[in-house]
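Participant: To start, I am sharing the structure in question, which I have written as structure tokens.
Number of protein chains: 2
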Amino acid sequence: MISNRLLETAVDHFGQRGFEGASTREIARESGTAMSSITYHFGGKEGLYLATAEHIAAQVRERAGPILDQVDATEVKDRATATELLLTVLDGFAGLMLSPETERWSRFIIREQQCPTEAFERLYEGVMRRVADTLIRLLGIARPDFDDRQIRGTAVGLFGQAMVLRAGRAAICRVLGRKDLDAESAQLLRASLRANALAILSETPR
Amino acid sequence: MISNRLLETAVDHFGQRGFEGASTREIARESGTAMSSITYHFGGKEGLYLATAEHIAAQVRERAGPILDQVDATEVKDRATATELLLTVLDGFAGLMLSPETERWSRFIIREQQCPTEAFERLYEGVMRRVADTLIRLLGIARPDFDDRQIRGTAVGLFGQAMVLRAGRAAICRVLGRKDLDAESAQLLRASLRANALAILSETPR
DNA sequence: GTCTATACTACGATAGAC
DNA sequence: GTCTATCGTAGTATAGAC
């Protein structure tokens, strides 16, 4: 399917060079087709861009869905269960941030976070909202002493610790003294995230 | 000074549209000069890009310097002092991430983290390395039970909680149900970050 | 130092053959 | 559906006037 090849190539080009920097000619050439195919399939450059956002959302959904389904299927009544599930979700998210295939997606997503367009809407509604809702629901049970605002503020911090694994990747490599994140570094970062999250979640209400 | 106006305009254009997406013509026009001024002052588009990175590093250094100087001037011997200083540095960093003026810089920096070029080198050596070193030094005192790797892994998490305030801004606004981060939201996020960090730092060694 | 003028390349959109 | 050809616009670099 040529339209799928175009989308895959577009993920890389838009992610690395941005909307204005990417060239439809180049995307088409690298996909082994003519530029006018983009017009035919997506109506133009902007249509391809929006379709790329939805393509990414669908792939992230596919990867994150099972674990979220598992959480939704579990009846969570006590702090311990909520904490354990929350750690699982966070670790799954960290694993996603550390897996090589998400590098291409995250470049696109992080770009959209800085200068949101209609594409961010598709990303958020397509997958991010569900992740956020799950985090917030579990956090409300794990920290019954928090009001809704505190829950959301804390969720941002937990989320940030996983997101930085992609958003701050270049700096992390420097700090760890590695050229890339090898398996040992990945394990260290996941363990640290788990320990940090556990400390945050199990803090005794004052 | 026309070269300074060019740099200021370049921060916005490169940050919002990326290296390839930005136009030297437009940058020059918005700076009130001719495009060939860029050639004269910076040798071309790429020279302007690298100079922009150094310009940003210098401005961040100016903002973060005083607080780092204060830490370096303090003799830190016990966990309590290290913890308090660490919380101060983190809150200062969060304040920076929340202040409007850093929006322009952070777009550029986050872009460089995704696809690092020579410009990232200038950013890291220009300001990031010193922040990281300070965080790691304090963390080593606040958590004497950690080895060097654990310190660095934990520092990434602490850093991430502040960085997400910029890198994940669009998503945070959704989660908090705001169009922008108002003063009340900013205060909430800083308080949550402080509470999270405190939980992480004061965890009893097992 | 800053400008105008120009050379050359690449862009996105579109029309029309097949 | 996919291609080629072409149009108008905009990109960077550079030479040379002032």
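Each protein sequence line maps, in turn, to chains D and C.
Read the first sequence against our numbering and you will find it ends at 224, with the numbers running on by one and no gaps.
Read the second sequence against our numbering and you will find it ends at 224, with the numbers running on by one and no gaps.
Backbone N, C-alpha and C define an ideal beta-carbon position, used for all residues, glycine too.
Taking C:Met19 as the query, report the chain D residues whose CB atoms sit under 8 Å from its CB, ordered along the chain.
Facilitator: Residue numbering aside, residue 19 of chain C sits at position 1 when the second sequence is read from its first letter. Here the premise fails: no neighbours, minimum Cβ distance about 28 Å.
Participant: Tell me where the alpha helix (DSSP H) around C:Lys95 begins and ends.
Facilitator: Locating residue 95 of chain C in the second sequence gives position 77, where the first residue counts as 1. Segment: none, C:Lys95 is in no alpha helix (DSSP H) and carries neither H nor E.
Participant: With 9 Å as the threshold, decide whether the Cβ of C:Arg43 is near any Cβ in chain D.
Facilitator: The sequence position of residue 43 of chain C within the second sequence is 25, counting from 1. It does not; no Cβ of chain D falls within 9 Å.
Participant: For the ligand HEM, I want to know if D:Gln34 counts as a neighbour, meaning its beta carbon is within less than 8 Å of at least one of the ligand's heavy atoms.
Facilitator: Among the components of this structure there are no ligands whatsoever, and the ligand HEM is therefore not found.
Participant: Would you check if there are 3 or more beta carbon pairs closer than 8 Å linking the segment 145-164 of chain C to the segment 44-64 of chain C?
Facilitator: no
Participant: Give the secondary structure of C:Cys191 by DSSP, where H, G and I count as helix, E and B as strand, and everything else as coil.
Facilitator: In the second sequence, the residue the question calls residue 191 of chain C occupies position 173. Here C:Cys191 sits in helix by DSSP.
Participant: Within 9 Å of any Cβ in chain D, is that where the Cβ of C:Asn214 sits?
Facilitator: The residue given as residue 214 of chain C occupies position 196 in the second sequence. Yes - at least one Cβ of chain D is within 9 Å of the one on C:Asn214.
Participant: D:Glu48 CB to nearest chain C CB: under 9 Å?
Facilitator: Translated into positions along the first sequence, residue 48 of chain D becomes position 30. For D:Glu48, the answer is no, since every Cβ of chain C falls outside 9 Å of its Cβ.
Participant: Nearest chain C C-beta to D:Ile128 closer than 9 Å, yes or no?
Facilitator: In the first sequence, counting from the first residue as 1, residue 128 of chain D sits at position 110. Closer than 9 Å: yes.
Participant: Throw me the rounded Cβ distance for the C:Arg35 and D:Glu38 pair, which I believe falls under 8 Å.
Facilitator: Taking the first residue of the second sequence as position 1, residue 35 of chain C is located at position 17. Taking the first residue of the first sequence as position 1, residue 38 of chain D is located at position 20. Indeed, because the Cβ distance is near 5 Å, the residues count as touching under 8 Å.
Participant: Got a sec: is the Cβ-Cβ distance from C:Ala146 to anything in chain D below 9 Å?
Facilitator: Reading the second sequence from its first residue, position 128 is the one you call residue 146 of chain C. Correcting the residue type first, residue 146 of chain C is Met in the shown sequence and not Ala. Closer than 9 Å: yes.
Participant: Please classify D:Ala46 as buried or exposed, where buried requires at least 16 neighbouring CB atoms within 10 angstroms.
Facilitator: As a first step, residue 46 of chain D must be located in the first sequence, where it is residue number 28. The Cβ neighbour count for D:Ala46, taken over all protein chains shown within 10 Å, is at least 16; the residue is labelled buried.
Participant: Answer yes or no: does any C-beta atom of chain C fall closer than 9 Å to that of D:Glu38?
Facilitator: Locating residue 38 of chain D in the first sequence gives position 20, counting from the first residue. By this cut-off, D:Glu38 is an interface position.
Participant: Can you name, in chain order, every residue of its own chain whose Cβ lies under 6 Å from the Cβ of C:Thr225, other than the five neighbours on each side?
Facilitator: In the structure as shown, chain C begins at 19 and stops at 224. Residue 225 of chain C is therefore absent and cannot be evaluated.
Participant: How do the segment 197-205 of chain C and the segment 182-198 of chain D stand: do at least 3 beta-carbon pairs fall below 8 Å, yes or no?
Facilitator: no
Participant: Specify, as a first and last residue, the run of the alpha helix (DSSP H) that C:Asp163 falls within.
Facilitator: Locating residue 163 of chain C in the second sequence gives position 145, counting from the first residue. From DSSP, C:Asp163 is part of no alpha helix (DSSP H); its letter is neither H nor E.
Participant: Please confirm if D:Glu119 has its CB atom under 9 Å from at least one CB of chain C.
Facilitator: Position 101 of the first sequence, counted from the first residue, corresponds to residue 119 of chain D. Not closer than 9 Å to any Cβ of chain C, the Cβ of D:Glu119 fails to qualify, so no.
Participant: Between the C-alpha atoms of C:Leu105 and D:Ala75, what's the straight-line distance to the nearest angstrom?
Facilitator: Position 87 of the second sequence holds residue 105 of chain C. Position 57 of the first sequence holds residue 75 of chain D. The straight-line gap from Cα to Cα measures roughly 36 Å.
Participant: Which of the three DSSP states is assigned to D:Asp87 in this structure?
Facilitator: In the first sequence, counting from the first residue as 1, residue 87 of chain D sits at position 69. Here D:Asp87 sits in helix by DSSP.
Participant: So, is D:Gly186 buried or exposed, given that buried needs 16 or more other C-beta atoms within 10 angstroms?
Facilitator: Start at 1 with the first residue of the first sequence, and residue 186 of chain D comes out as number 168. By the 10 Å Cβ count, D:Gly186 comes out buried.
Participant: So D:Arg184 and D:Thr120 are supposed to be a Cβ contact under 8 Å. How far apart are they, rounded?
Facilitator: Sequence index remark: in the first sequence, residue 184 of chain D carries index 166 (1-based). Sequence index remark: in the first sequence, residue 120 of chain D carries index 102 (1-based). About 7 Å; that satisfies the 8 Å criterion.
Participant: I want to verify the contact list: residues of chain C whose CB lies under 7 Å from the CB of D:Pro134, in sequence order.
Facilitator: Against the first sequence, residue 134 of chain D aligns to sequence position 116. Within chain C, the residues near D:Pro134 are Ala188.
Participant: Would you verify that the beta carbon of C:Ile154 is, or is not, closer than 9 Å to some beta carbon of chain D?
Facilitator: Here residue 154 of chain C refers to the residue found at position 136 of the second sequence. Closer than 9 Å: yes.
Participant: Evaluate the contact criterion for the segment 139-146 of chain D versus the segment 165-181 of chain C: three or more CB pairs, one atom per stretch, below 8 Å.
Facilitator: no
Participant: Hey, quick one: how far does the alpha helix (DSSP H) through C:Leu24 stretch, first residue to last?
Facilitator: Walking along the second sequence from the start, residue 24 of chain C turns up at place 6. Where C:Leu24 is concerned, the enclosing alpha helix (DSSP H) stretches over Ile20 to Gly39.
Participant: Leaving out five residues before and five after D:Ile154 in sequence, what residues of the same chain have Cβ atoms less than 7 Å from its Cβ?
Facilitator: The residue you call residue 154 of chain D lines up with position 136 of the first sequence. Within the same chain, D:Ile154 has close Cβ partners Ile169, Arg170 and Ala173.
Participant: Report yes if the CB atom of C:Arg208 is closer than 9 Å to the CB atom of C:Ala82, and no otherwise.
Facilitator: Residue 208 of chain C sits at position 190 when you count from the first residue of the second sequence. Residue 82 of chain C sits at position 64 when you count from the first residue of the second sequence. Not in contact: C:Arg208 and C:Ala82 (Cβ atoms no closer than 9 Å).
Participant: Restricting to Cα atoms, I'd like to know which of C:Pro162, C:Glu48 and C:Leu216 is closest to D:Gly175.
Facilitator: If you number the first sequence from 1, residue 175 of chain D lands on position 157. Ranking the options by Cα distance to D:Gly175, first place goes to C:Leu216.
Participant: Take C:Gly158 as the anchor and find which of C:Leu211, C:Glu139 and C:Ile218 has the nearest alpha-carbon.
Facilitator: Against the second sequence, residue 158 of chain C aligns to sequence position 140. Of C:Leu211, C:Glu139 and C:Ile218, the residue nearest in Cα terms is C:Ile218.
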